[in-house]
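The opening residue of the first sequence carries number 1 in the UniProt record's numbering; numbering runs sequentially from there.
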Amino acid sequence: MSSFAGRMKEYPTISLDRFDRENLHARAYFLSHCHKDHMKGLKGPLLKRKLQFSRTVRLYCSFVTKELLLNNPKYAFWEEYIVPLELESPTQISLVDEASGEKEEVVVTLLPAGHCPGSVMFLFEGSHGNVLYTGDFRLPVGDVSRMEHLHSGSRVKDIQSIYLDSTFYDPRFYQIPSREVCLSGISELVGNWISQSPHHVVWLNCKAAYGYEYLFINLGEEFNTQIHVNTLAMFKKMPEILSYVTTDRRTQIHACRHPKDEEFFQGNRLPCGCTAADGTPLRIISIKPSTMWFGERTKKTSVIIKTGGSSYRACFSFHSSYSEIKDFLSYLQPVNIYPSVIPIGRTLTELMCRKQSDEAAFVYKPLGVLKRSRVQRPTCEGTLETTALPVCVEESLPLTITDAQPAAHNYVDCTESNGEEEEEEEQQGDEEKVGAGQPEDISSQPPRWEDFFTTETLTDSQNSLRSQPQSCCSEMTGSQTPDLFSDEETAPDGFSLTLSGSQSNHSSQNMDSCLPDTLIIQPELDGQKQREEGDDGIIQSESQQSSDFDIPCTPESKVPRRDELSQLYRKLAAGEDIRQIFTL
DNA sequence: GCGATCAGAT
DNA sequence: CACATCTGATCGC
Numbered sequence: 001m002s003s004f005a006g007r008m009k010e011y012p013t014i015s016l017d018r019f020d021r022e023n024l025h026a027r028a029y030f031l032s033h034c035h036k037d038h039m040k041g042l043k044g045p046l047l048k049r050k051l052q053f054s055r056t057v058r059l060y061c062s063f064v065t066k067e068l069l070l071n072n073p074k075y076a077f078w079e080e081y082i083v084p085l086e087l088e089s090p091t092q093i094s095l096v097d098e099a100s101g102e103k104e105e106v107v108v109t110l111l112p113a114g115h116c117p118g119s120v121m122f123l124f125e126g127s128h129g130n131v132l133y134t135g136d137f138r139l140p141v142g143d144v145s146r147m148e149h150l151h152s153g154s155r156v157k158d159i160q161s162i163y164l165d166s167t168f169y170d171p172r173f174y175q176i177p178s179r180e181v182c183l184s185g186i187s188e189l190v191g192n193w194i195s196q197s198p199h200h201v202v203w204l205n206c207k208a209a210y211g212y213e214y215l216f217i218n219l220g221e222e223f224n225t226q227i228h229v230n231t232l233a234m235f236k237k238m239p240e241i242l243s244y245v246t247t248d249r250r251t252q253i254h255a256c257r258h259p260k261d262e263e264f265f266q267g268n269r270l271p272c273g274c275t276a277a278d279g280t281p282l283r284i285i286s287i288k289p290s291t292m293w294f295g296e297r298t299k300k301t302s303v304i305i306k307t308g309g310s311s312y313r314a315c316f317s318f319h320s321s322y323s324e325i326k327d328f329l330s331y332l333q334p335v336n337i338y339p340s341v342i343p344i345g346r347t348l349t350e351l352m353c354r355k356q357s358d359e360a361a362f363v364y365k366p367l368g369v370l371k372r373s374r375v376q377r378p379t380c381e382g383t384l385e386t387t388a389l390p391v392c393v394e395e396s397l398p399l400t401i402t403d404a405q406p407a408a409h410n411y412v413d414c415t416e417s418n419g420e421e422e423e424e425e426e427q428q429g430d431e432e433k434v435g436a437g438q439p440e441d442i443s444s445q446p447p448r449w450e451d452f453f454t455t456e457t458l459t460d461s462q463n464s465l466r467s468q469p470q471s472c473c474s475e476m477t478g479s480q481t482p483d484l485f486s487d488e489e490t491a492p493d494g495f496s497l498t499l500s501g502s503q504s505n506h507s508s509q510n511m512d513s514c515l516p517d518t519l520i521i522q523p524e525l526d527g528q529k530q531r532e533e534g535d536d537g538i539i540q541s542e543s544q545q546s547s548d549f550d551i552p553c554t555p556e557s558k559v560p561r562r563d564e565l566s567q568l569y570r571k572l573a574a575g576e577d578i579r580q581i582f583t584l
């Protein structure tokens, strides 16, 4: 869950994915996707009132997010204040202080995030540098190198800060099977079941959230059917999704829900109450999409787990794995990383040091073509070129001041990451996206996630655009092709082995071997739930979760004193360089 | 009565 | 397994 307080250090008059507290004063709002934990305060009466008195404050998001948001009557009042933006179209936005008339210009570009329909990242370019807010995202290894707007000519743009979806930024989540591999496992299970008789049906036990549409589309396509869901209203303008879902219960694949659907299923009933026409009892299996992950050295495992006589869990992740995040960060090499989630004992900095050598040979080509014809809004095509700031490793001071828990951190100087631990795997690059060990004709690949979630169609040349990430941390070797099936009852040492809470030794080994030079962030020994509010009004988040890691204090580090923090906050608010404070 | 917040369950 | 959500209890206005 995101604990991002809503504002970025570089552009503090903007609020993203948070709309309460200090964010009520923002000059512009951004919504990365339509999940409730990123919409806090969005239906608040205070915000509604503010909008009625404002002539300039708007909410910016993708067209799909706008559609999903307005489908919910609680957010309908936003209609006149939403400015939907096309993907990959840099747009200049004026941030106006309506009291003083003071104005700041910023160029924002929406980049597909692969998290759920409409989900985007926001790239901001302005006088305080280039900043990337990722929202929640899932991008396969290598995709970042093909994102045109993160490049300037053949060069990766200088990124000052990344505000990162760090949900799985932990070596325990080293690998999550690709979407294609997971889908193929689910397809096989579904196909084997529903082909037995018309009374064999599948219940996809999905959460009440956007993001499973990719599954519905692909299963619908594969089995030439539609998936039963509770309502279609939100997809009425999205034909690619709409054509694969239905409210007609006479189908063998269901993703309908009911408050007591688990109970229903135990009594061999579907959530919708559907029964066979001739009275024959249905033969139902449930498939629960769940995140499954594997350690760095896990050789072989399964994307389908049988959890009972007719219950299965299937691998499905909305978020990037550790390796995918590592690839993303090591390619962009931002000066700062601000994680949205900060588990205890997390490392942040081994990838932050920007390298000046061996730049990627990026081929500049458009990523996609819009299906829809749409009125072009004024855009600023000339993206701002920031000074090519040579942040060398020593000077970059791999130090991240997270807005989340400054008082609870120990700051440790970190030397350059040697990044050598996985070098022997760096050559594989291009194959991994397709799915480990499953070479296929690119043209026969399932439709890309972004096709459905951004209403864009990508050009067929996309795969030729991939360049070798300069310091990609590869992970999916051919030997790690997951099995499609595993029976938990007969294979007790399947994936779950690596996940149990008693595996801390294993986890720590992973971490140690993988991250030799790290900034260790550790909660204070007492008062772990301490909350802080700085002078800049940014609410500090609580600790996110417990951890199996137990990392001791680094001797050289110290907790900043209260007065130092106050000074820090003042400087942050003023946009000043704060790094010297923590230079050892 | 409404909204915010938290614990708990799924 | 986690994530994203929902429900219900509690509190304050």
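For every residue, glycine included, the Cβ atom is placed at its ideal position computed from N, Cα and C. Predicted, not measured: the structure shown is a model, and the values here were computed from it.
Query	Result
F137 and S161: beta carbons closer than 9 Å?	no
Please report how far the alpha carbon of T65 lies from the alpha carbon of K48, in whole angstroms.	19 Å
Are the beta-carbon atoms belonging to A314 and P281 less than 9 Å from one another?	no
Note down, one range per segment and in chain order, each beta strand (DSSP E) of at least 3 residues found wholly within the UniProt domain "DNA repair metallo-beta-lactamase" (240-343).	283-290, 304-306, 311-315, 336-339
Compute the distance between the beta-carbons of F168 and W293, then report whether it is under 9 Å.	yes
How would you write the range of the alpha helix (DSSP H) that S184 sits in, first residue to last?	179-194
Can at least three beta-carbon pairs, one atom from the stretch 83-90 and one from the stretch 244-263, be found at a separation below 8 Å?	no
Let me confirm a value: P239 is counted as buried when at least 16 other C-beta atoms fall within 10 Å, else exposed. Which label applies?	exposed
What are the partner residues of S62, as DSSP defines its beta bridges?	L85
Across which residues does DSSP place Q175 in a beta bridge pair?	F294
For K157, does the count of other Cβ atoms within 10 angstroms reach 16, so buried, or fall short, so exposed?	buried
Kindly confirm or deny that the stretch 313-332 and the stretch 142-154 touch, where touching means at least three C-beta pairs closer than 8 Å.	yes
Determine the extent of the beta strand (DSSP E) in which N130 is found, giving its start and end residues.	129-133
Would S320 and L139 qualify as a contact pair, given that the criterion is a beta-carbon distance under 9 Å?	yes
Helix, strand or coil: which one does DSSP assign to K9?	coil
Given a cut-off of 9 Å, decide if P12 and S166 are closer than it, judged by their beta-carbon atoms.	no
Residues in its own chain within less than 7 Å of A28 by CB, not counting five upstream and five downstream?	I14, V57, R58, Y60, I93, L95
Considering only their Cβ atoms, is the gap separating L183 from N224 smaller than 9 Å?	no
In terms of residues, what are the limits of the alpha helix (DSSP H) holding K50?	45-52
Alpha helix (DSSP H) containing I217: first to last residue?	213-222
Helix, strand or coil, according to DSSP, for H151 in the structure here?	strand
Just to confirm the assignment, what range does the beta strand (DSSP E) spanning F30 have?	28-30
What does V202 pair with, by DSSP beta-bridge criteria?	I253, I285
Would you identify the three-state DSSP class for L42, choosing helix, strand or coil?	coil
Span of the beta strand (DSSP E) holding Y163?	161-164
Excluding the five sequence neighbours on either side, which residues of its own chain have a C-beta within less than 6 Å of the C-beta of M1, listed in chain order?	D37
Please tell me whether D175 and S302 are closer than 9 Å, where the distance is taken between their beta carbons.	Reading the sequence as shown, one finds Gln at residue 175 and not Asp. Contact flag unset, no.
CB-CB under 7 Å to N230, same chain, minus the five flanking residues each way: which ones, in chain order?	C256, R257
Express the C-alpha separation of L215 and R55 in angstroms, rounding to a whole number.	41 Å
Can you give me the C-alpha to C-alpha distance between K207 and C274, rounded to a whole angstrom?	20 Å
Comparing C-alpha positions only, which one of K9, S317, E10, L42 sits nearest to F19?	L42
Locate the beta strand (DSSP E) running through G126, then write down its first and last residues.	120-126
Is the Cβ-Cβ distance between G135 and M147 less than 9 Å?	no
Residues in its own chain within less than 8 Å of L70 by CB, not counting five upstream and five downstream?	A76, W78, E79, I82
Comparing the CB of E105 with every heavy atom of the ligand SAH, is any distance shorter than 8 Å?	Inclusion of the ligand SAH in the displayed structure is not the case, the ligand content being empty and no account of it being possible.
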